[in-house]
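Residue numbers (our numbering), protein chains in the order written: chain E, 82 to 427; chain B, 82 to 427; chain S, 82 to 427; chain F, 82 to 427. Glycine included, every Cβ here is placed at the ideal spot set by N, Cα and C. All of these numbers come straight from a predicted model, not from anything done at the bench. Since the structure comes first, as structure tokens, the remarks are kept for the end.
Protein chains: 4
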Amino acid sequence: MVHFESDYNNGAHEAVLRHLVETNDERTQSYGDDRFSQQARKLIREALEAPDAQIWFLAGGTQTNATIIDCTLQPYEGVLCAETAHINVHEAGAVEFTGHKVIALPAHEGKLDVEELRTWLKAYYADDTAEHMVRPGMVYITFPTELGTLYTAEELRALHAVCQEYGLLLYVDGARLAYGLAASTDVTLPLLARLADVFYIGGTKCGTLCGEAVVFPDGQCPSHMLSRIKRHGALLAKSRVVGVQFEALFSKAGNETLYMTIGRHAVQLAMQLHRLFVERLGYRPFIDSPTNQQFYVIPNEDLKLLRRHIGFEVWCPVDEGHTACRFVTSWATTAREIEELELSLG
Amino acid sequence: MVHFESDYNNGAHEAVLRHLVETNDERTQSYGDDRFSQQARKLIREALEAPDAQIWFLAGGTQTNATIIDCTLQPYEGVLCAETAHINVHEAGAVEFTGHKVIALPAHEGKLDVEELRTWLKAYYADDTAEHMVRPGMVYITFPTELGTLYTAEELRALHAVCQEYGLLLYVDGARLAYGLAASTDVTLPLLARLADVFYIGGTKCGTLCGEAVVFPDGQCPSHMLSRIKRHGALLAKSRVVGVQFEALFSKAGNETLYMTIGRHAVQLAMQLHRLFVERLGYRPFIDSPTNQQFYVIPNEDLKLLRRHIGFEVWCPVDEGHTACRFVTSWATTAREIEELELSLG
Amino acid sequence: MVHFESDYNNGAHEAVLRHLVETNDERTQSYGDDRFSQQARKLIREALEAPDAQIWFLAGGTQTNATIIDCTLQPYEGVLCAETAHINVHEAGAVEFTGHKVIALPAHEGKLDVEELRTWLKAYYADDTAEHMVRPGMVYITFPTELGTLYTAEELRALHAVCQEYGLLLYVDGARLAYGLAASTDVTLPLLARLADVFYIGGTKCGTLCGEAVVFPDGQCPSHMLSRIKRHGALLAKSRVVGVQFEALFSKAGNETLYMTIGRHAVQLAMQLHRLFVERLGYRPFIDSPTNQQFYVIPNEDLKLLRRHIGFEVWCPVDEGHTACRFVTSWATTAREIEELELSLG
Amino acid sequence: MVHFESDYNNGAHEAVLRHLVETNDERTQSYGDDRFSQQARKLIREALEAPDAQIWFLAGGTQTNATIIDCTLQPYEGVLCAETAHINVHEAGAVEFTGHKVIALPAHEGKLDVEELRTWLKAYYADDTAEHMVRPGMVYITFPTELGTLYTAEELRALHAVCQEYGLLLYVDGARLAYGLAASTDVTLPLLARLADVFYIGGTKCGTLCGEAVVFPDGQCPSHMLSRIKRHGALLAKSRVVGVQFEALFSKAGNETLYMTIGRHAVQLAMQLHRLFVERLGYRPFIDSPTNQQFYVIPNEDLKLLRRHIGFEVWCPVDEGHTACRFVTSWATTAREIEELELSLG
């Protein structure tokens, strides 16, 4: 039995865990002032090539989205996103809980279309009743998306341009950023830091026990950010816990950070999985994902057999006889697990 | 240099950390369904002697207070507490952020006086304009308090009785519960489970990297609690992280849980510190605390010398020449640190 | 120049104003206990044939929607509506301000399709991740809709049935209810009171200076409703102001209440306007509205001429050469204004 | 039987009502753009001698306080006030509903003491943990207070100075402003406009059916204020209703506005009441109020007799044998009512 249900079905990457162990006895400051968080920030700034970046460590993804969106929007502003976006579907209304409307636009394989976005914005600003409507203040995207797809550098540049034109913040939810960066041919951390106004580097799904790193690349973080985060219940007293882990993630072995290594590893195994499912088993991809989340159209009669050998998630019904299912690799997935799967299924 | 600034200036208790390491490779369910969280709940129920208790694991203390208070109060209700209470002073308005008024009553060494509480409630219900006022829905106390003091069993019973009489929930913030239980002569976990409607067992300050365990002793948790927690951004995807740690905290070595061992250890060292400060150095206690937080009145001319040898927190000015300072022990404090301090100061 | 911009471009119906004048010197209780509000409630209950109905008077429409939706939903619930619904488009996020998601479904001439609603609900309850999503708690409709259209009694019964089946509240925004009731062939106030869990009878657009009457037909209003309303800033101290006006609206002259008379009057004039625009001027209806809001497709070259004689609102562009425009009658519109318009345009 | 229960137990001042009647048939713009609101703003600016003042019309007092406090504070800021303040006691938590803490300081006959305020602010800014606390953003006072007392011009100047020094907004709740201005020997509307950052001119209790006028004397109103107000459900569609009434209130008869006339009238009658109660009946003032709210210590055995002749409100018990009661005059109180009272009681 191998497990591809999610990328948070595991503990921490061994190097992250080791760093927690080796630093455990040290005494530190709290609420973000500990030396590990300071060092982690330094390493992340280097990886971003953004020396002025302000970085905050929070515990989890939904918390991060709700806190950052609320803290950066004006009270009367809403956030634009694809209708499949995590904040629109799977956060139990955490953004609305903070008083902001989530404005959903059509999703194209999980992505916003920049021309549709521009059309929407033009219509909004041309509308005589605009002041009676929720004002758009931010564009939210995920990289990779909930469907594993990626924006190209060109698409990100176009989104950035339309945000600049209309005075919107561009916010990138990077819950699975490691896998997106590893799979992308042209999007890098420094590029992201140039194009996004704020984004977060996911830890929980990319090698840590918990923790996400929020980045304001230009140092344009809202005033009194510590108070704002605390007010959202999102300030960690023992901040070192996330600091230590991100210090490990952004330390280099050879030429690259552990974060990139983790991403490449999971994507490679996802591609092996892809070959197994498509070439050997003849399943059709439900969506063409280059990242660690893979979606296949499975004949219903195969579901039971598959379940005997592999943990996965049912995504949605496709037709009477087929179901789309999700298979997720992570830093924790091993080559041996793929082999085992090949033996049992192939 | 020894560190008594806080009880969150450290990593995790070695047994907690070891359990994280030894379980790291296992694959688990998420969002609270993992087997470690299940097992931790079972152990906690046993320690509480409350077989129906519902238990939820959250990441941090302010988050827990805001989430639980908001989820258990009716929208038009407020929470009564001592004016020194953490929710009233040091949570940056996290409770008000959820829309509820914090109603502060006088504090007596950090504690509510039950007769003052009853008088307030009587006046509220006798007031013709009560429907125009925020309705009291809950009494919040901390055990131990922000000043290290403890309610006796009798005082807790009296608070419980007045809450029952007026239809209020009794909520106990147990951020430092281990230290309170170790120092109390008559309050036990089972007693707390009988008297409180909801409380939380603190992890962050009592041996874990992060995490708090919220307990509804009678299983009277609000409906759709998972959705409510997620809406507050407080649901951990990789829930095992807290589950594993609480499984360690509530495992027994000999006759007692690690949680009690941790509490006793810190309190013993706090008493040694007390003897050193009072008997050897002649400092006057600022408040009579039996727990791991100790407060002394320090002559201002001694502050500089003390700072050379010991990390601590300035609490408040006392008079022209004296300052109240806080010294905190924890599971991580060692007998050797106290000895070292005795040598350098004695 | 005649004015068809809106149905709130006027003062109060003369009978309403007269009643304000004749009762002005009387001294009354406040906060809803005044004798005029009591009497108005009695008259409304009679008109509804709902002797147990609880009735609250608020000042305006957006306030009413936000207050009632927030007070009747559980915190984790959202409200389903057509994407064109007022709460989704033109209330500046007032519902989200109270922490609830507005879940928009496709609109068909401003209306929800009951089968689409059922399909959505089935999918929601079949989804394994439903607890991570905003739970549907209410269906919001307007009668008439923002586009002047009406649900038939059969459609309302079907919506009621699906709400019962799935445990949802059915809420009807009746900002223009008088005009809807006058134009409908089968929907009456008593029917509405049987099918809706809560609705409001619009005053501001139907003859009063201000004020809306919220009805809980079965008397199932949330506990401590006065506190809840006050907390939303929606409780009027001088409640008689709305009470007096609704007493006038629901007093009878002959066989019908003034409210129905007002509705019939405006709808009759809207039908005259329709004949003028369609039969005499040859304009195409943008939508087939039987109520006091009329929408026509106007050739752009006619706009300037029209504007010289008539006040109206541009609704949206239709194509390169045409614009949809809205023309609204009300209790204040006179037969003479229609004649004047015929003379100047015909 | 004469009625002194409150100053909102009546309709509208006859001149206000007359203006509603005489303007009723006119068609106007909506949402604040109507010509009456424009004209009322002009008249108010003249009375304030504040040509740049921005003025918004809302429906009621609690709504105004919650909306304005929320719209002008940063999210992490709270509002300082006397513990007896309306927002702290009698608004059912409407300010906390918007997410802001109400920080109560001791009240001295309903008033803040400027030195106590300064001491509190100094302590806040000297506190190392200030970022974990709610930041003070505003000082809220009422003029007159809930106990009918008044700040002197000197006290207002001192409050203004401390607000300037600490970067706080000074907000004045003027629900009964007419009566305060009439009774004060040195506070005028122009002075208020120079010292307050924002305040409101009460209508509901001072002669209108409903409505309050919010003033930003320097024109420093938050951006997108219309959207902000609408989001709070506080934007009136038929805005003329309040505009017409304030046009009447700020029109002059002779040398003064109706607003001042109303204030003087009620205060004169309150002073007659005072003489009757103190000199003729020998009752002791509970508090020394120079405005339209009068408070006397009534022997309990007199309460029943009084109730036969006069409507009033029980304020609070004083001792075993006495009760403090409130008697309120208004624009609607007549000299004849006082005479009638003298005859029946004297």
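Select from the region 104-121 of chain B all residues with a C-beta closer than 9 Å to any C-beta belonging to chain S, and list them in chain order.
Y112
With 16 as the cutoff for other CB atoms within 10 Å, does A204 of chain S come out buried or exposed?
A204 of chain S is classed as exposed because its beta carbon has fewer than 16 other beta carbons within 10 Å across all chains shown.
Determine, using beta-carbon pairs with one atom in the region 174-183 of chain E and one in the region 142-149 of chain E, whether at least three such pairs fall under 8 Å.
yes
Out of B:G229, B:Q155, B:R417 and B:Q326, state which residue places its alpha-carbon closest to the alpha-carbon of G92 of chain B.
B:Q326
Under a three-way DSSP split, which group does G283 of chain B fall into?
strand
Counting only Cβ pairs nearer than 7 Å, list the residues of chain S close to E236 of chain E.
By Cβ distance, chain S contributes nothing, its closest Cβ being about 26 Å from E236 of chain E, past 7 Å.
Mind the definition here: the region 215-231 of chain E touches the region 248-257 of chain E only if three or more C-beta pairs lie below 8 Å; say whether that holds.
Cβ pair count under 8 Å is three or more, so yes.
Any C-beta of chain S sitting closer than 9 Å to the C-beta of P398 of chain B?
So no, P398 of chain B is outside the interface.
Enumerate, from N- to C-terminal direction, the unbroken alpha helix (DSSP H) stretches of 4 or more residues contained entirely within the region 364-427 of chain E.
381-390 and 416-426
Have a look at the DSSP bridge pairing and note the partners of F178 of chain S.
Paired residues: none, contrary to the question.
Under a Cβ-count criterion, where at least 16 other Cβ atoms within 10 Å of its own Cβ denotes burial, should A274 of chain E be classed as buried or exposed?
buried
Please confirm if Y206 of chain E has its CB atom under 9 Å from at least one CB of chain F.
For Y206 of chain E, the closest Cβ of chain F is not nearer than 9 Å.
I need the DSSP call for H84 of chain S, collapsed to helix, strand or coil.
strand
Figure out for me which residue from B:Q374, B:V295, B:H403 and B:P366 has the closest Cα to the Cα of L384 of chain B.
The shortest CA-to-CA distance from L384 of chain B to any of B:Q374, B:V295, B:H403 and B:P366 is the one to B:H403.
So which of S:A351, S:P132, S:R365 and S:L426 has the shortest CA-CA distance to S87 of chain S?
Distances from the CA of S87 of chain S to each of S:A351, S:P132, S:R365 and S:L426 were compared; the closest alpha carbon is that of S:A351.
In the region 299-312 of chain E, which residues sit with their C-beta less than 7 Å from some C-beta in chain F, listed in chain order?
Per Cβ criterion, the list reads H305, L307, S308, R309, K311 and R312.
Would the region 348-366 of chain S count as touching the region 267-282 of chain S if we require 3 or more Cβ pairs under 8 Å?
no
Could you give the residue range of the alpha helix (DSSP H) that holds F117 of chain S?
First-last of the alpha helix (DSSP H) with F117 of chain S: R116 to L129.
Taking DSSP's pairing of strands, which residues face A294 of chain F in a bridge?
F:F138 and F:I282
Could you tell me whether the Cβ of Y89 of chain E comes closer than 9 Å to any Cβ of chain B?
yes
Name the chain B residues whose beta carbon is nearer than 9 Å to that of H213 of chain S?
Y112, L307, S308, K311 and L316
Sort out for me which residues DSSP pairs L251 of chain F with in a bridge.
F:V220
Closest to L426 of chain F by C-alpha separation, out of F:V395, F:F358 and F:A347, would be which residue?
F:F358
Got a sec: is the Cβ-Cβ distance from Y200 of chain S to anything in chain E below 9 Å?
Correcting the residue type first, residue 200 of chain S is Thr in the shown sequence and not Tyr. No, no contact with chain E.
I need the straight-line Cα distance from H171 of chain F to L424 of chain F, nearest angstrom please.
35 Å
I want to verify the contact list: residues of chain S whose CB lies under 7 Å from the CB of H84 of chain F, in sequence order.
R108
Kindly indicate if chain B contains any beta-carbon less than 9 Å away from that of V322 of chain E.
yes
Among residues of its own chain, excluding the 5 on either side of T165 of chain B, which ones have a beta-carbon nearer than 8 Å to its beta-carbon?
Same-chain partners within the cutoff: A188, G191, T226, E227 and L228.
At 7 Å on the CB atoms, spell out the chain S contacts of Y157 of chain B, in chain order.
H305, S308, R309 and R312
Beta strand (DSSP E) containing G159 of chain F: first to last residue?
Start and end: E158 to A163.
How many angstroms separate the CA atom of D209 of chain B from the CA atom of F408 of chain B?
So the alpha carbons of these two residues sit roughly 47 Å apart.
Note down, in chain order, all residues in the region 168-190 of chain S with a beta-carbon under 8 Å from any beta-carbon belonging to chain F.
E172, A173, G174, A175 and F178
Take E212 of chain S as the anchor and find which of B:Y112, B:E236 and B:I343 has the nearest alpha-carbon.
B:Y112
What residues from the region 381-410 of chain S come within 8 Å of chain F, judged by C-beta to C-beta, listed N to C?
G392
Would D209 of chain E count as contacting chain S if we go by Cβ distances under 9 Å?
yes
How would you list, in chain order, the residues of chain F whose beta-carbon sits under 7 Å from the beta-carbon of R216 of chain E?
Among the residues of chain F, those whose CB is under 7 Å from the CB of R216 of chain E are H305 and S308, following chain order.
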